[in-house]
Each structure stands twice: as structure tokens, then as C-alpha cells.
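Notes for the one structure printed next.
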Amino acid sequence: MTIVAYHAPEELADAAELLARHGEGVAVLSGGTLLVPELSRARAPARIVLDLRRLQVAHGIATEPVLTLGAAVTYGQLMRSPAAAALPVLAAAAWGITGGEQIRNQGTVGGSACQANPSSDVPGCLVAHDAAMLLHGPLGDRVVAARDFFVDAFATTRRSDELLVAMRFKRLRAGTRTAYRKFKLAESSVPIATASVIAEPGEVVRVVVGAAVPRPLELRIDPALLAASDAEAIQEVRRCVAGALDAPWGDILADADYRAAIAPVVAARAFLDARRAEARP
Amino acid sequence: MGETRAQQIGRRVPRLNGDAYVTGRVRYTADFRPPGTLALAVVRSPHAHALLRRVDLTAARAAPGVVAAFTGEDALRLTRPTLHFIDPARRGGHGVDIRCLAAERVRFVGEPVAAVVARTPEQARAAACLAEVACEALPFVPDAAAALAPGAPVLYPGWGTNVMWEGRLGAPEVGEAMAAADIVLEHELAIHRCTTAPIEPRAYLATWDAGAGRLTLRATSQNPHQLRAILAVALDIEEAAVHVLAGPLGGAFGLKMCGHPEEVLVAMAARELGATVQWVEDREECFLASGREQTQRITVGARSDGRILAIDADIVADIGAASAQPGWAMAPLAPLTLPTGYDIQHVRARVRAVVSNKPPWIASRGFGKEAANFVMERAIDLVAQRTGLDPAQVRRRNFIAADRFPYRTATGLNIDSGDYHRVLARALDELGYDAWRARQARRPGGERRLGVGLAFELTPEAANSRGSLGSGADSATVRVDAAGRVMVLTGVTSPGGGNETGIAQIVADELGTDLAAIEVVQGDTELCPHGSGNFSGRSTLLGGSAAALAARAVAVDLLTLAAGHLARAPAGLQLAAGAVCEPGGPPLLTLAQAAGQCDAGVVEATRTYAPANTTRVPDEHGRVQPYPTYSNAVMATVVEVDTGTGAVELLDFVAAHDCGTIINPGLVEGQMRGAVAMGIGAALSERLDYDEYGALTTDRFKSYLLPRALDLPAIRVVHECTPSPFTLLGTKGAGEAGIGGAMAAIANAVADALTPLGVTVARLPLTPPAVLALIAAAESERAA
Chain U
0 MTIVAYHAPE ELADAAELLA RHGEGVAVLS GGTLLVPELS RARAPARIVL DLRRLQVAHG
60 IATEPVLTLG AAVTYGQLMR SPAAAALPVL AAAAWGITGG EQIRNQGTVG GSACQANPSS
120 DVPGCLVAHD AAMLLHGPLG DRVVAARDFF VDAFATTRRS DELLVAMRFK RLRAGTRTAY
180 RKFKLAESSV PIATASVIAE PGEVVRVVVG AAVPRPLELR IDPALLAASD AEAIQEVRRC
240 VAGALDAPWG DILADADYRA AIAPVVAARA FLDARRAEAR P
Chain R
0 MGETRAQQIG RRVPRLNGDA YVTGRVRYTA DFRPPGTLAL AVVRSPHAHA LLRRVDLTAA
60 RAAPGVVAAF TGEDALRLTR PTLHFIDPAR RGGHGVDIRC LAAERVRFVG EPVAAVVART
120 PEQARAAACL AEVACEALPF VPDAAAALAP GAPVLYPGWG TNVMWEGRLG APEVGEAMAA
180 ADIVLEHELA IHRCTTAPIE PRAYLATWDA GAGRLTLRAT SQNPHQLRAI LAVALDIEEA
240 AVHVLAGPLG GAFGLKMCGH PEEVLVAMAA RELGATVQWV EDREECFLAS GREQTQRITV
300 GARSDGRILA IDADIVADIG AASAQPGWAM APLAPLTLPT GYDIQHVRAR VRAVVSNKPP
360 WIASRGFGKE AANFVMERAI DLVAQRTGLD PAQVRRRNFI AADRFPYRTA TGLNIDSGDY
420 HRVLARALDE LGYDAWRARQ ARRPGGERRL GVGLAFELTP EAANSRGSLG SGADSATVRV
480 DAAGRVMVLT GVTSPGGGNE TGIAQIVADE LGTDLAAIEV VQGDTELCPH GSGNFSGRST
540 LLGGSAAALA ARAVAVDLLT LAAGHLARAP AGLQLAAGAV CEPGGPPLLT LAQAAGQCDA
600 GVVEATRTYA PANTTRVPDE HGRVQPYPTY SNAVMATVVE VDTGTGAVEL LDFVAAHDCG
660 TIINPGLVEG QMRGAVAMGI GAALSERLDY DEYGALTTDR FKSYLLPRAL DLPAIRVVHE
720 CTPSPFTLLG TKGAGEAGIG GAMAAIANAV ADALTPLGVT VARLPLTPPA VLALIAAAES
780 ERAA
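Chains U and R, in that order, give the protein sequences. Counting from 0, one number per residue, gives the positions in the first sequence under numbering that gives the first Met the number 0. Counting from 0, one number per residue, gives the positions in the second sequence under numbering that gives the first Met the number 0.
Okay, structure coming up:
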């Protein structure tokens, strides 16, 4: 497909109108790290491009009253903002985005979320942080929990006439320990298996496996395991993850069998990391 | 010239043009785009194997900005077959006419079938998408195994087979020697298809001057003179009517050797349109270039003390479709290079270059020699494992001894010089081999296993091969003008590695002048003497030696002129510090003044240099000796294998290297580090893959995983030096060493780490999924 029109509105209403009118005919351009390479290979997914670069509402970062990231906030902006400290798992993933500074300053959290490529960092991290996805459409705003937002590989609950505007987060309690692990085949590889761990005091431990599954896999682990021996913890986390991996994801870099084999290993290592991590003040 | 000699040779001189490269001031080929330049886009076959029924360009021609469009029928009418850089028919194989566009049949996904020329690149590419290619699909042959299967479709009907070329080297029989062995090992080793992916893809800019009937082609080319010949033949014009300007290059690695369809295609379009036409390869197209894919069945007979008595190798190279580029000729070099640096006279090797419906092999740095080093070094370690000997000891037991050079190998090579024991000792020492072994013994189990890997590498360089457009000699002109400027014009070119600086160092020593006074000009067929450009580690070796000879002739002339002016005997004068002087005395005449004594105001000489020690004519056993020099190296590496994920981490890497006399250690180390990185990629992460229809799936850097800086350890390079007795300055080629050694050392290290688990390493690359699969297979074998 070839691009026939390009829009970069400043107002949300204009963006919403474009989406309402053309729906699936619109490709939303946030950082462009995924879309632009496709455009340059004449593989445009739609004929109209909606660029978020001038849309103010999609670029904000707020820590008060609600911790909020605009959909078009780049990894770099997140890392340099006070929000990074409040979102340790997402920030850890952002630090490790392949491609270095250029990509971190271009790629966006919201763009990656909407792409919902299983082989990526963001979906699992958003689920781990229990993000609320704020969508704007013809009927107004609606909020979807991240765990419901991702429905399958490359599929979200965002309707074609809706725009992801922002993501909102709850604050982690004092005493929380977190970890993020990502396994790649090489530096240039997309994530093959990721594991986010958030252990809030007095809560079950949330372990979210990403990249190895079509949509993030959320596991709740007994906090008693935080005090178990290494060997016991490893064995139990591996068992939990392996038992829950009913349909692992595969792509040209790594097939489903391989991902199913390593996801429990990566998750168990992340769990140990979280146990050793410093508790949040 | 006494004490003034050798002031520059051996010095770590920074690259003369380095600042232009790192500050972005170098103008690459694609940067040249004069006003009015038309853009060409290539329409490529969507089928792996099909009869072309119709290529309909009606819609493409009607698209905005389109000036013209060409089909394979047009190419048949407007061009002659493309000259093969190395013709398989001239080496006893099957030949085929190659045109710039396919006309009747396509043989790989991506083969050019049409071209669209438009006012802008965007318009050309958009219009190319409108071309309609109607095909009748044929059963396609995905790989060499399928190509050799009984009843396989024959890709080139006239051949009656898919074996384009077959060679047998070494002894006709090794059965007797094999029978005397205590142990006989049989393995099938394999290297996956890889590419070289230089940072600068290819680009061509052709201008046709209708009035003069002349073609100018600015090209990303390693071989401008050979490209001139190809264009003249294809367009049926005089070579004198073709001007090729090559480079500067942002990496080449063999990709930019000539014989590509787009070279003739762009020239053809320019002539038809009387215009300037540019084609710039995109990254997706660049990934069509491929090489290395082969399977090697090897039988090794050894005594229980590790001495190898006989080797029997049967190599099948999957070369993809036929091409005029010299890539296919990498296939014969694996058997020819066996048994590398080991004193094993009972060697029998057979190789078949087999066509399949994949893109053609394109020359890839290492040029097949890396495959020989991989298979030989894997064999050595398998012998070590079976005999329980240390891998270093098995190497020592089999090395050609330092006092036996020049050494004639079983396959006919005549190795110039070397001291392999010394290079091995240096590598072991530098790595801290014994300490690593001790550490490994203390930490035998667990999820992270240490492995230590060694590999010797023999790198035949500066090819003088039969049936090739490239020559084993090269030329240079050295010119000193009345302003004191020294110009060096070479027939060799630089792929971006910096041989201009090395050549300038050589000339500086010969003329006793400063490097700043010297300008090196390469790649212009109208300015430079005839040469073969860059391949096979030849540029500094041949181009530098030719420049040395030319500079010596110029020095004699300058001293004669100066002697006349000064009324002294030339024998009492020398060139030093940019001037004519008596030994140890003050300057008597500057270089400029000496040159000014010549009526022409310029003193120049052109010389051609061919090293000794090559033969193109087969001896009574059918053996040829195409390489004058043989650099060698020992790679030593330590890996940690994560048995939970299959990931391999490189903890240390040492390359102990002997390329004879070193002109500039910085340049040699740059070559070595780059080649080792390329070998690491081929060993661990790089693989070209195809879908069930034969289309490439790994066509970008997110799917074809080239090593990045963080994937690589510090590659520590140390030097030993045994000068070649057959070359002017004692130099040996230093452009390709490192790839095969790195591939083998890493394979051996991973095998070393996993041997306790019962794993045998036989295929590259060792990606994490591949390593985990090896571990799982060994586990289930143990369980069974």
C-alpha cells in the first residue's frame, strides 16, 4: 500500500475525527520505529498516516495527582523523568531497548503497546505495573486494564476508531522489591523471553512473562517463596511458569518450543533478582 | 639509503584520510547525484523457480515520473552476456550466459526481471511495485541436498545435472593410510548461509555521452578495471570508451567484486536514454548476497598419540543460482586449503558446487578458506577428545615444523613460511591457557559452563588463479612533481580498510619523504595503471610492492637529476627528510628542486609487481599453486555457555597472528578485529533463512543478527613475524585472516564446555536455540 495522506493534528478532537472517519484506513505514527521501516519498504498497513508528534496530550508525563505517561512519551523521556523511579520495571526495560540512544529517543511506550508485538518489552511491563490504558474514541474516553488491553499477538482491545492517549499507574508501596529480565539472542535481537517481577509487601508476588507468549502471562506467586531457598524458589517458579505456558509464541528468531524452554528459566532468575533487590523506600 | 630506510614501515600511523571518514566528509558513490539524474528501481522475481510468461510494465510506465522501463527481452536485445569474473566453464565446469535481467526463467526470489527508470527514486520504486510478473511456477530446489536427490529438477537444462563444478584434490586414495590409524572419526560438519552486510550497500551512477559514445560509471566496486571490461563486453563497445570511477567504499568484503546484474543494467539504461542513471541498493536487496553455506563430510584417521595420518573430505557447497560474480569460486577453496597448516600428506578432498533456487553465492571475505579452517580445527578437537589429549598438544603433534618451509601440501599449495609452534605458544600465553584450564577444572558443573577453544588458521592470500579476470600481479605509478608533491596511483583499491595509508608508508620510505607529501589515488581507470583492485588480501601486498618498485625507479631518476645539477656522483647521494643529501649530511636539494631539474617538471615511473611462488598451470598431478603467501594465526577464546538458555558469552579472545612483515600494525589489527567479529557472527548469530516458497525471511538487521559492540569481547591481537621469502618486502596478505579461526575457536570452545554433557558440535551458527537443542538431544540420548 502507498501513503496518500499525512496528518499531524494538534488537537485530540481532530485526531479523533480522522480515526472516526477512516478507522482501519489510518496508521497511527508515534515514534515510528516500527511503522517507518515498513513504509520505506512499501509495506504501509494503511493509506493515511496520523502522526502524534504535535498532539500535546499524548506527550505529557505527570507524577501527581496520578502517575500518567502520555502515549507518545519516548523511552528516553521516561528514563529522564521522575516517573522512572516510580515505574522501576518499565524503566528497566526502557534502559535496555535495543538500538541505543537513537531508538530510545524515538520509540514510544504507547506505540509499542498498540503494536502488541509479543517479542517486545512493553506489554509485559505494563501488565506488571497494572497500567490503566486510556483510550479516546467517538463515544468519549474509556479505561482498560493492561491485562485486558492485550488480547493476542498484534491485537489489542483498541478499536480502529480509538486512540491510545495515555497510561495511568498506581504507586508501588514502600518495601516493594522488583526485577526485570530480558533474554535476547544477541544485542540486536528482539526480546525472546522477558520476566517482570513485582513483590509488594503483604501481597502475592506478580510475575509477568512476556515475549515468549502471544499476550503477557501473569502469574501470582506465594510470597512465602521469597523466603525459600534458592533451589526451591527456582524450582517452584519454573514449575509455575512452565505449567501456565499453554501456547508459547514463536517467530523467525526463535520458535515456540525454544521460548517455552527458556521462559521458566528467565522468570526464575528474575524472581531471584527481586529477592535480592533493595526494597523501595 | 641506509639509516633513512624503514622509518615509516612498521609504524602505527593513523589513517591518512581517517578524519574525513569519521567526520562524515567522505563522498560515497550514492552521494554523487548530479542534477537531472534519473533513478532506476529493479523489479525482482517473486518466485524461486518459474518460467517467465509475461512481464507487463504498462501500469509502471504510466506511473508519475516514469521515463522508461526495461524487461529481460530488452536486455537480450541491448546487451551481450555478462563476462564471468571467474568462468566455471574455463575451469572444466558448466557455463551459462548471464544477463542483467532474466528473460525466460527465474531461479531465485529476488532475481532481477525488469527495471523502471523515473525522475526520482521514490517514483521509480513506486512504479516498480506496479509491474506485473506472470510466471509458470516450476518445482523449486531449496538446497543442495534437494538438488542432488535423484529426479531433482535441473535448474539449467543444458547441464543435465545441478552440479555446476566438481573438483577432486590431493591423493586419489587414502584407504591404506586410513587403515593404519588407531582411530577413525567420521563427522558431518556444516556452515549455514551468511552474508557480509557492509554498512554501505552497492550503488552505481552511469552517464552516457552520446556525442562521444562514451560511458562513465561511478561504482561501489573493488575492481574498476575488471568492471570496465565487463561493461565493454556487455554493451559491445571498446574498453577505451568506458570510464569507471570506484569508491571510496564503506566496506566491501567481496560484495563489491564485479559481475552483478545491476552494473550492466544501469549502464544499459543510461545508454538507451542518453542520460545519467543511478541505482542505489537498499538493505533488503543487499541481504540477497550470500555465501559460506556448505556441508562437509570428513573422515579422519589418527594414531592414539594424536598424530593424524589421513583425511578424506567430501564437501557440498550450496551456491544458489549461477552468477557472473566470482562467489561460486569460493567452493573449491575449502578442499584446496585442507589440511591447512598440518603435516598430513594423505589427504583426499572432493567438492561439488551445487546450484539451488536461492540467491547466488557472492564473494564473501574468507572466500571459502574459512570453511577449510573450520572443518580442520573441528577435526583436530574431535581427535583430541577421542584420544584424551589436550587440543593444544594435538596441534603441536601435527603442525608443519618451522624448518620445513616452503612446504608443499597434499593438495598442491606451497606454503611460504611460518612458525606455527611459536604462534600457538604466544596465543596460549596471552590467553593464560593453563590458568583457564585450572579454573575450568575447579568449576566443572552448574548452569554456566566454561569452555576454552583453540583454532589454528591458515590464510592463503593474493590469488593468482586461472580463468579469472583478476590477476596475481598489480601495478602502480609514482610521480614526483616540481612542487615536491608525490602522487601514487595504484591498480589496487581500498575496501575502506585503509591500505592507502600502508602504501603511502612504503613509498615514504623509498623516497625518504614525509607522509604528508604523499597522495594516493585509487579506483579511477583513466588515471590509474591497470590492476585488479581489491580481493584476496592483495592490496598492500601487491599494490604496495608495485609502488615500492616504482618509487625506487623514481628515486634513481631523482638522484641522477640531482647529481647532474650538483656536479656530484649519484652513488654518493641519497634521499632523506624530503631532500637529496649525502649520507648524514645536510640537505643539498629538495625533492621539488630535484624533480624540477627534469625538463618535464615531473619524474614518474610505473611498475608491475608479481610475487614468486605461484603457478597457474597444473603440474603432473593436476595441482596448481595459486597463492604466493600464507599468513597464519592461532585464535584462543574462552566462552561461558548458559545451559539454561543456550546463550554463549565470550569472556576473552586472543588472536596471535603472523602476516610476515607488517607495514602498519594498526591497519593489520583493524583487519583482524573486523574479520574476527565477522567470524563470531557466523559462529553465533548470523543466518540467512528462507520461507517455504524460497523467499528470504532474514532481510533486515532485526532478523539477521550481526554482532554489535556489546556482543564482542575485547579482541586482543598479538603479532609474530616470519617474513615471506617470496615477496618484495616480506609481507603476506592480511585482509581475510580471522574469520575461519574465530568460527572454529568458538565452535571448539562451546564443544569444550558441553563435552561433559555428551554434546557434539557440528553446525554453525551456535545460536542459543541451536545450543539448547544440542543439550536436549544429548540428554535424551543419555536417557535412551
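Note that CB positions come from ideal geometry on N, CA and C, so glycine has one too.
(1) At which residue ranges does the region 526–598 of chain R contain complete beta strand (DSSP E) runs of 3 or more residues, listed in the order of the chain?
(2) Spell out the partners DSSP gives residue 169(U) in its beta bridges.
(3) Quick check: residue 69(R) and residue 127(R), are their CB atoms within less than 7 Å of each other?
(4) Mapping the DSSP letters down to three states, classify residue 16(R) as helix, strand or coil.
(5) Going by Cα to Cα distance, which pick from 293(R), 426(R), 31(R) is closest to residue 717(R)?
(6) Going by DSSP in three states, residue 474(R) sits in which element: helix, strand or coil?
(7) Would DSSP call residue 248(U) helix, strand or coil?
(8) In chain A, which residues lie less than 8 Å from residue 251(U) when you measure between Cβ atoms?
(9) Do residue 124(U) and residue 92(U) come within 7 Å of each other at the CB atom, strictly closer than that value?
(10) Between residue 362(R) and residue 299(R), what straight-line distance do the alpha-carbon atoms span, to the nearest angstrom?
(11) What does residue 232(U) reach in chain R if we use C-beta pairs closer than 9 Å?
(12) Using beta carbons (cut-off 7 Å, strictly below), is residue 586(R) in contact with chain U?
(13) For residue 278(R), list the residues DSSP reports as bridge partners.
(14) So which residues on chain U does residue 767(R) lean against when the C-beta distance must stay under 7 Å?
(15) Rank 581(R), 497(R), 447(R), 478(R) by C-alpha distance to the C-alpha of residue 604(R) and give the top, closest one.
(16) Among all the DSSP beta bridges, which residues are the ones paired with residue 452(R)?
(17) Going by alpha carbons, who is nearest to residue 203(U) out of 177(U), 189(U), 185(U), 191(U)?
(18) Can you tell me whether DSSP reads residue 151(U) as helix, strand or coil?
(19) Just mark residue 730(R) as buried or exposed, buried being the case when its beta carbon has 16 or more other beta carbons within 10 Å.
(20) Any contact between the region 194–201 of chain U and the region 154–161 of chain U? By contact I mean 3 or more CB pairs, one from each, below 8 Å.
(21) Alpha carbons only, please: which of 111(U), 162(U), 151(U) is nearest the one belonging to residue 133(U)?
(22) Just checking: is the beta-carbon of residue 782(R) within a distance shorter than 7 Å of some beta-carbon in chain U?
(23) Kindly say whether residue 5(U), judged by its beta-carbon, lies nearer than 7 Å to any beta-carbon of chain R.
(24) Quick one: residues in its chain with C-beta nearer than 8 Å to the C-beta of residue 343(R), no 5 flanking neighbours on either side, listed in chain order?
(25) Checking contacts by CB at 7 Å: is residue 187(U) closer than that to chain R?
(26) Report the neighbours of residue 684(R) on chain U: residues whose CB is nearer than 7 Å to its CB, in chain order.
(27) Helix, strand or coil for residue 314(R) per DSSP?
(28) Does DSSP put residue 23(U) in a helix, a strand or coil?
(29) Alpha carbon to alpha carbon, how far is residue 710(R) from residue 257(U)? Give it in angstroms, no decimals.
(30) Alpha carbon to alpha carbon, how far is residue 7(R) from residue 500(R)?
(31) Taking only three categories from DSSP, how would you classify residue 209(U)?
(32) Under the DSSP definition of a beta bridge, which residues are partnered with residue 43(R)?
(33) Assuming residue 373(R) is part of the alpha helix (DSSP H), what are its boundary residues?
(34) Rounded to whole angstroms, what's the CA-CA distance from residue 82(R) to residue 523(R)? Just pull it up for me.
(35) Taking the alpha carbon of residue 248(R) as the point to measure from, which residue in 723(R), 198(R), 564(R) has its own alpha carbon closest?
(36) With 16 other CB atoms within 10 Å as the buried threshold, where does residue 242(R) fall?
A quick look at the data gives this:
(1) 573–575, 578–580, 586–589
(2) BP columns for residue 169(U) are empty, so no partner.
(3) no
(4) coil
(5) 426(R)
(6) strand
(7) coil
(8) Here the protein chains are U and R, and chain A is not one of them.
(9) yes
(10) 29 Å
(11) Ordered by position in chain R, no residue passes the 9 Å Cβ test against residue 232(U), which lies about 15 Å from the chain.
(12) no
(13) 203(R)
(14) 184
(15) 478(R)
(16) 636(R)
(17) 177(U)
(18) strand
(19) buried
(20) no
(21) 162(U)
(22) no
(23) no
(24) 307, 308, 309, 310, 397, 409
(25) yes
(26) 184, 185
(27) strand
(28) helix
(29) 21 Å
(30) 10 Å
(31) strand
(32) 111(R)
(33) 368–386
(34) 20 Å
(35) 198(R)
(36) buried
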